[in-house]
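Q: This is the structure I have questions about; it appears just below.
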Amino acid sequence: MANFGGPQQRVLAGRLPTTALKRKLISLEKVGIDVIEIYLDNVLDIIPTMMGFTLQKYFQRPQEMHHHLAEAGGYKPLQCMNDECGKDIISKERIPYSLAGFYIDNENSIHFLYGCKSCVADYCTHPYWAEIGQIRYIEQMLGWRSVVDEVAVQNKPSADFYKHWALLQEAILQIQVPQGWGRWI
Ligand SMILES: [Zn+2]
Numbered sequence: 001m002a003n004f005g006g007p008q009q010r011v012l013a014g015r016l017p018t019t020a021l022k023r024k025l026i027s028l029e030k031v032g033i034d035v036i037e038i039y040l041d042n043v044l045d046i047i048p049t050m051m052g053f054t055l056q057k058y059f060q061r062p063q064e065m066h067h068h069l070a071e072a073g074g075y076k077p078l079q080c081m082n083d084e085c086g087k088d089i090i091s092k093e094r095i096p097y098s099l100a101g102f103y104i105d106n107e108n109s110i111h112f113l114y115g116c117k118s119c120v121a122d123y124c125t126h127p128y129w130a131e132i133g134q135i136r137y138i139e140q141m142l143g144w145r146s147v148v149d150e151v152a153v154q155n156k157p158s159a160d161f162y163k164h165w166a167l168l169q170e171a172i173l174q175i176q177v178p179q180g181w182g183r184w185i
């Protein structure tokens with residue numbers, strides 16, 4: 001692990017060193033100063049491992065940091081519940097067009113639904129629903145969890161209600177903002 005900011009070190013951040021900078025670095029090393037060079041690619045590697053509070057403090061738009069898990073492997077898409085669609089509703093492109101909600105069938109069972117707004121919005125007959133782009137924020141997700149609990153208690157959940165709710169929660173964790181909250185280290 002590098003010792004950043006030690007008395008005999010200079011940490012220099014940038015995209016790539018210019019020739020002039022490189023000469024400067026070499027001259028620093030010649031006089032006995034250790035130089036640690038950090039460039040854009042190094043920073044991008046570090047971001048996914050940062051804690052949520054660090055990201056929140058130093059990055060203005062966390063919603064623009066997408067899918068670190070996708071890049072790290074092990075990403076699991078969440079397919080729209082419209083069988084004829086099958087789009088990944090938590091993909092970077094689809095998040096703004098996706099929602100979760102509830103459908104009450106003829107036998108008065110309540111179903112948990114998620115998918116593209118254009119595919120499932122008409123079926124969300126219960127007044128409560130949530131935008132995926134909204135509940136990816138941890139505070140919003142906590143609120144939505146309470147709503148789902150309340151809806152499940154006040155209605156008769158279908159056999160697959162909790163399965164679909166679990167799949168949605170699993171998916172949201174992958175795109176959660178801030179990234180990394182609740183992760184054990
Ligand atoms: Zn769809």
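First residue of the sequence shown: 1, per this note's numbering; consecutive thereafter.
Beta carbons: idealized from backbone N, C-alpha and C, even for Gly.
Source: prediction; values computed, not measured.
1) Can you check which of these residues, 128, 92, 27, is closest to residue 176 by C-alpha distance?
2) Let me check one thing: in DSSP terms, what residues is residue 76 bridge-paired to?
3) Could you give the first and the last residue of the continuous beta strand (DSSP E) run that contains residue 29?
4) With a cut-off of 6 Å, give the chain-ordered residues whose Cβ is closer than this to any heavy atom of ligand 1.
5) Among all the DSSP beta bridges, which residues are the ones paired with residue 112?
6) Under the rule that 16 or more other beta-carbon atoms within 10 Å means buried, what is residue 46, buried or exposed?
7) Rounding to the nearest angstrom, what Cα-Cα distance links residue 119 and residue 87 in this structure?
8) Is residue 43 buried or exposed, if buried means 16 or more other CB atoms sit within 10 Å of its CB?
9) Expressed to the nearest angstrom, what Euclidean distance is found between the alpha-carbon atoms of residue 174 and residue 96?
10) Going by C-alpha distance, which of 105, 106, 90 is nearest residue 76?
11) Note down the Cα distance separating residue 2 from residue 39, rounded to an integer number of angstroms.
A: In short, the structure shows the following:
1) 92
2) Partner(s): none; residue 76 has no beta bridge.
3) No beta strand (DSSP E) contains residue 29, which is instead part of the alpha helix (DSSP H) from 19–30.
4) Residues flagged by the Cβ proximity filter: 80, 82, 85, 87, 115, 116, 119.
5) 102
6) Flag for residue 46 reads exposed.
7) 10 Å
8) exposed
9) The C-alpha of residue 174 lies about 16 Å from the C-alpha of residue 96.
10) 90
11) At residue 2 the pLDDT is 41, less than 50, meaning the model places this residue with poor confidence; the figure from the coordinates comes in the next sentence. Cα to Cα, residue 2 sits roughly 15 Å from residue 39.
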